[in-house]
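Q:
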Amino acid sequence: MEEIVIREATENDAEQLIEYTKIIGGETDNLTYGAEGLPITVEQEKGFLQKISEDKHSVFYCAWKDSVLAGTANLGGMPRRMSHRAELGISVLKSEWNNGIGTELMKHIIDYAKENGIEIINLEVRSDNSAAIHLYEKFGFKKTGTIPAFFKIIDEYADFDIMSLDLR
Ligand SMILES: CC(C)(COP(=O)(O)OP(=O)(O)OC[C@H]1O[C@@H](n2cnc3c(N)ncnc32)[C@H](O)[C@@H]1OP(=O)(O)O)[C@@H](O)C(=O)NCCC(=O)NCCS
1432 MEEIVIREAT ENDAEQLIEY TKIIGGETDN LTYGAEGLPI TVEQEKGFLQ KISEDKHSVF
1492 YCAWKDSVLA GTANLGGMPR RMSHRAELGI SVLKSEWNNG IGTELMKHII DYAKENGIEI
1552 INLEVRSDNS AAIHLYEKFG FKKTGTIPAF FKIIDEYADF DIMSLDLR
């Protein structure tokens, strides 16, 4: 693997992150958005990253290959009686799949969770997303259920698995 640098996102990454979501959104049907990306301005993205940096149970990592944003992984902390849990999201540019970037991002996420008192990491993954499920199982995630028709893309439905990693 060429050298990949993983670091926490800052407000300065906002513009590139918005562009990244458009690229990755057009490369996979596994995410909540397509090639249109997320309906968010650079200012809103900066605010989102600022909030994450202030929350002990949230983190946003970027994987950089030189100046190219090659992947991201984030934990979103939950409020109140769910504050022991955080939700995971992860993606890597298609041109970089199977080069170990997802694995490196997962290591960072799990280390962060352990160091910051997150007890359970939850995620939802398309039931036919074998690569992601393989990655999650490699790190000890277990399937706890299925949500039928979680996505509807045009007129096609996709079921999702619920998975969690119990760090208690
Ligand atoms: C899931 C994703 C993040 C993995 O990133 P990555 O950088 O390719 O991950 P890695 O290279 O570290 O690991 C991929 C693993 O999956 C395995 N794999 C690849 N395709 C597979 C398949 N069809 N079935 C099973 N395993 C598969 C690889 O062999 C590798 O396993 P290993 O680590 O035991 O050798 C990436 O595929 C991606 O961004 N997909 C689109 C977005 C997405 O699905 N995100 C998850 C939403 S829940």
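Under the numbering used here, the first residue of the sequence shown carries the number 1432, and numbering increases by one thereafter. Ideal placement from N, C-alpha and C gives every residue a C-beta, glycine not left out.
(1) Using a Cβ-Cβ cut-off of 8 Å, state whether I1454 counts as contacting chain B.
(2) Let me check you understand the geometry: is the CB of S1498 closer than 7 Å to at least one non-hydrogen atom of ligand 1?
(3) Report the start-end ranges of each alpha helix (DSSP H) in the region 1544 to 1599 that is 4 residues or longer and not cut off at the edges.
(4) Between which two residues does the beta strand (DSSP E) harbouring T1459 extend?
(5) Report the three-state DSSP secondary structure of A1445 (helix, strand or coil).
(6) Taking the beta strand (DSSP E) that L1500 falls in, what are its first and last residues?
(7) From this set, H1515, C1493, D1497 and G1508, which residue's C-alpha is nearest I1521's C-alpha?
(8) Expressed to the nearest angstrom, what Euclidean distance is found between the alpha-carbon atoms of M1513 and I1532?
(9) Is the number of C-beta pairs between the region 1465 to 1479 and the region 1449 to 1457 that are closer than 8 Å three or more?
(10) Identify the residues that DSSP records as bridge partners of R1516: which are they?
(11) DSSP beta-bridge partners for S1484?
(12) Would you check if there are 3 or more beta carbon pairs closer than 8 Å linking the region 1489 to 1504 to the region 1538 to 1557?
(13) Assuming contact is defined by CB atoms lying nearer than 8 Å, are A1501 and L1480 in contact in what I supplied?
A: Let me spell this out:
(1) No chain B is present in this structure, which holds just one protein chain.
(2) Within the sequence shown, numbered from 1, the residue matching residue 1498 stands at position 67. Incorrect: S1498 has no Cβ contact closer than 7 Å to ligand 1.
(3) 1561 to 1569
(4) Within the sequence shown, the letter at position 28 stands for residue 1459. Neither: T1459 is in no beta strand (DSSP E) and is coded neither H nor E.
(5) Looking up residue 1445 in the sequence shown gives position 14. Note: A1445 maps to helix in three-state DSSP.
(6) Here residue 1500 refers to the residue found at position 69 of the sequence shown. Note, L1500: beta strand (DSSP E), V1499 to G1508.
(7) Within the sequence shown, residue 1521 is the residue found at index 90, counting from 1. The residue with the shortest Cα to Cα distance from I1521 is C1493.
(8) Here residue 1513 is taken as the residue at index 82 of the sequence shown, counted from 1. Here residue 1532 is taken as the residue at index 101 of the sequence shown, counted from 1. Approximately 29 Å between the Cα atoms of the pair.
(9) The answer is yes - the region 1449 to 1457 touches the region 1465 to 1479, with three or more Cβ pairs under 8 Å.
(10) Along the sequence shown, one-based indexing puts residue 1516 at 85. Its beta-bridge partners are I1551.
(11) Along the sequence shown, read from residue 1 onward, the residue named residue 1484 stands at position 53. Beta-bridge pairing links S1484 to no other residue.
(12) yes
(13) Locating residue 1501 in the sequence shown gives position 70, where the first residue counts as 1. Locating residue 1480 in the sequence shown gives position 49, where the first residue counts as 1. Contact: no.
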